[in-house]
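Peer 1: For reference, the structure I am asking about is given below.
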Amino acid sequence: MKISACGLTDVGKVRTNNEDSFVCDAELGLFVVADGMGGHNAGEVASNRAVETIYHHMAKLPGDPGKVVYGAVDKNLSAAGNHLASAIRIANSVVYQSAQASPDKKGMGTTVVAAFYDRKKNIVSRAHVGDSRMYTFADDKLRQVTEDHTIVAEQLKLKIITEEEARVSKYQNILSRALGTSENTEIDTAEFPAADGLTLIIASDGLTRMVPDEDLERILRTLDKASCEETAKSLIEAANAAGGRDNITVILIKFQKESLLEKIFQ
Numbered sequence: 003m004k005i006s007a008c009g010l011t012d013v014g015k016v017r018t019n020n021e022d023s024f025v026c027d028a029e030l031g032l033f034v035v036a037d038g039m040g041g042h043n044a045g046e047v048a049s050n051r052a053v054e055t056i057y058h059h060m061a062k063l064p065g066d067p068g069k070v071v072y073g074a075v076d077k078n079l080s081a082a083g084n085h086l087a088s089a090i091r092i093a094n095s096v097v098y099q100s101a102q103a104s105p106d107k108k109g110m111g112t113t114v115v116a117a118f119y120d121r122k123k124n125i126v127s128r129a130h131v132g133d134s135r136m137y138t139f140a141d142d143k144l145r146q147v148t149e150d151h152t153i154v155a156e157q158l159k160l161k162i163i164t165e166e167e168a169r170v171s172k173y174q175n176i177l178s179r180a181l182g183t184s185e186n187t188e189i190d191t192a193e194f195p196a197a198d199g200l201t202l203i204i205a206s207d208g209l210t211r212m213v214p215d216e217d218l219e220r221i222l223r224t225l226d227k228a229s230c231e232e233t234a235k236s237l238i239e240a241a242n243a244a245g246g247r248d249n250i251t252v253i254l255i256k257f258q259k260e261s262l263l264e265k266i267f268q
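Each number in this note's numbering comes from the position in the sequence shown (counting from 1) with 2 added on.
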């Protein structure tokens, strides 16, 4: 399977600094978005350190990604999936220790959502903490595959509030889980095979809170034949047109079956 990928970030229309960080490395097969939080530029520090730590950990052993695992091994995940979860645990520790060491950074944290593509096994491993999201887009249908770790999402799950109440709740931005705010954090993980024509969308809530899922789906349908960069730019423009109240980051990853010639000349 061959992949084309791109990532874009934008400060938005309200904020003056960008607390989002991302990595989009198609060659390595690693894609990460982090949305930082905390005063005195601490959000930028948290998201940057998280992304850098995950990247360096995943880049260490691309030939044998299961060799180094920090924390318990999950038997339901591949070696690569365990390695990704391990990288996020290490990132949690790095951000937490950084916050403890600097009084002005105390309480800083970040969301993180990451995907790793294992070409040999044709498996996508995903892991996340917080409310940055991953979607799949296939057969003109958009599907959210991550669960928001927010107070509102928990209330919805327990049927304490309705969808209508959730949309106007003052607790929308309050996370129930984040990276780096405590010594340990719970990570949601899963794996699935990559399929021909599948697109993955990884984004911070600066996109997903501004642009409803039905509008995201419509934009992706309209731009199905557009380049990766054109599509990402259109999504960011839609978020800014809706108010751009937060930083906006989006990564798109498109999977296509390789032709016989491409396989021969690899």
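For every residue, glycine included, the Cβ atom is placed at its ideal position computed from N, Cα and C.
(1) Assign residue 166 to one of two classes, buried (16 or more other C-beta atoms within 10 Å of its C-beta) or exposed (fewer than that).
(2) Which first and last residues belong to the beta strand (DSSP E) in which residue 38 is found?
(3) Hey, would you say residue 30 sits closer than 9 Å to residue 93, going by beta carbons?
(4) With 16 as the cutoff for other CB atoms within 10 Å, does residue 208 come out buried or exposed?
(5) So for residue 193, helix, strand or coil by DSSP?
(6) Using 8 Å for Cβ pairs, my map puts residue 18 next to residue 111. What's the rounded Cβ distance?
(7) Taking residue 210 as part of the alpha helix (DSSP H), name the residues at either end of that continuous run.
(8) Identify the continuous beta strand (DSSP E) that holds residue 119 and give its terminal residues.
(9) Give the single residue among 115, 142, 9, 161 whose Cα lies nearest to the Cα of residue 188.
(10) Does DSSP put residue 74 in a helix, in a strand, or in coil?
(11) Quick check: the Cα distance between residue 259 and residue 59, rounded to an integer number of angstroms?
(12) Just curious, the alpha helix (DSSP H) that residue 102 is in, first and last residue?
(13) Where do the N-terminal and C-terminal ends of the alpha helix (DSSP H) with residue 215 fall, by residue?
(14) Considering only DSSP beta bridges, list what residue 127 is partnered with.
(15) In three-state terms, what does DSSP make of residue 138?
(16) Determine the closest residue to residue 218 out of 228, 227, 261, 233, with distance taken between C-alpha atoms.
(17) Helix, strand or coil for residue 174 per DSSP?
(18) Looking at the secondary structure, which residues open and close the beta strand (DSSP E) in which residue 200 lies?
(19) Leaving out five residues before and five after residue 12 in sequence, what residues of the same chain have Cβ atoms less than 6 Å from its Cβ?
(20) What number of angstroms, rounded off, separates the C-alpha of residue 178 from the C-alpha of residue 99?
(21) Looking only at its chain, what residues have a beta carbon closer than 7 Å to the beta carbon of residue 245, apart from the 5 residues adjacent to it on each side?
(22) DSSP puts residue 230 in a beta bridge; with which residues?
(23) Return the CA-CA distance between residue 68 and residue 141, expressed in angstroms with no decimal places.
(24) Using beta-carbon positions only, say whether residue 49 and residue 23 come within less than 9 Å of one another.
(25) Is the separation between the beta-carbon of residue 254 and that of residue 191 shorter than 9 Å?
(26) Along the beta strand (DSSP E) that carries residue 251, what are the first and last residues, could you check?
(27) Express the C-alpha separation of residue 216 and residue 146 in angstroms, rounding to a whole number.
(28) For residue 45, does the three-state DSSP call read helix, strand or coil?
(29) If I follow the unbroken alpha helix (DSSP H) through residue 154, where does it start and stop?
Peer 2: Checking against the coordinates, here is how it stands:
(1) exposed
(2) 32 to 39
(3) no
(4) buried
(5) strand
(6) No, residue 18 and residue 111 are not in contact; Cβ-Cβ is about 21 Å, not under 8 Å.
(7) 207 to 210
(8) 114 to 120
(9) 115
(10) coil
(11) 29 Å
(12) 81 to 103
(13) 215 to 224
(14) 118, 193
(15) strand
(16) 233
(17) coil
(18) Per DSSP, residue 200 belongs to no beta strand (DSSP E) and is neither H nor E.
(19) 238, 250
(20) 20 Å
(21) 15, 212
(22) DSSP, once it has assigned bridges, lists no residue as partnering residue 230.
(23) Residue placement at residue 68 cannot be trusted, given a pLDDT of 47 that sits under 50; what the coordinates show is reported in the next sentence. Using only the alpha carbons, I get a separation of about 33 Å.
(24) yes
(25) no
(26) 250 to 258
(27) 11 Å
(28) helix
(29) 153 to 159
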